[in-house]
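Participant: Please read through the structure below; I'll follow up with questions.
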Amino acid sequence: MEDEIVEGEDKEVVLITLKRPLIYIQPVAIDKAILVWLNYKNAYDYWNEKRANLNKEVLSATQQIYEKFQFGQLTSQLSAPHLGTLFLQLTVEDMGICLPLNPLPLASWSQRNVYEESRGAVVVTLENTSISGN
Numbered sequence: 028m029e030d031e032i033v034e035g036e037d038k039e040v041v042l043i044t045l046k047r048p049l050i051y052i053q054p055v056a057i058d059k060a061i062l063v064w065l066n067y068k069n070a071y072d073y074w075n076e077k078r079a080n081l082n083k084e085v086l087s088a089t090q091q092i093y094e095k096f097q098f099g100q101l102t103s104q105l106s107a108p109h110l111g112t113l114f115l116q117l118t119v120e121d122m123g124i125c126l127p128l129n130p131l132p133l134a135s136w137s138q139r140n141v142y143e144e145s146r147g148a149v150v151v152t153l154e155n156t157s158i159s160g161n
């Protein structure tokens, strides 16, 4: 990063390293996430459309005001903003995600204790990855 530093610019560097994070996901959490997504997707699309229409109205009104007034001095001051740069890097080493599978319904409660510890799971592992962005 030292090679990229230019005088007069603010640069910040955030480096995050996770070593062996283990994530346990409960099946109920995935069920609830799907239900939330299904219930709120239509509402999100509706409000996103309303916001886009409002943005068009605001841009139109701003353009009308801009045409009526001279903003020469103001725009020259705004054209040279103070820019900063943030560099973010996330490094993950040896990550594991475990999603236990729900057991099949049993005929009687007495057999439940025998099968409680032997239910299956989906395990996903990631050896090493690095994600960077400016």
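All letters in the sequence shown, in the order written, are residues 28 to 161 by my numbering.
Glycine included, every Cβ here is placed at the ideal spot set by N, Cα and C.
#1: Just checking, does the region 114-125 make contact with the region 82-93 on the three C-beta pairs under 8 Å criterion?
#2: Between LEU117 and LEU45, is the Cβ-Cβ spacing less than 9 Å?
#3: Using a Cβ-Cβ cut-off of 7 Å (strictly less than) and excluding sequence neighbours within five positions of ARG78, which residues of its own chain qualify?
#4: Distance, Cα to Cα, VAL151 vs PRO48?
#5: My assumption, with CB atoms under 8 Å, is that ILE52 sits in contact with LEU126. Please give the rounded CB distance.
#6: Going by DSSP, what residue range makes up the beta strand (DSSP E) through LEU42?
#7: What separation, rounded to the nearest whole angstrom, lies between the Cα atoms of LEU81 and ASN155?
#8: Helix, strand or coil, according to DSSP, for ILE124 in the structure here?
Facilitator: Looking at the atomic coordinates:
#1: no
#2: yes
#3: none
#4: 12 Å
#5: 5 Å
#6: 37-46
#7: 44 Å
#8: strand
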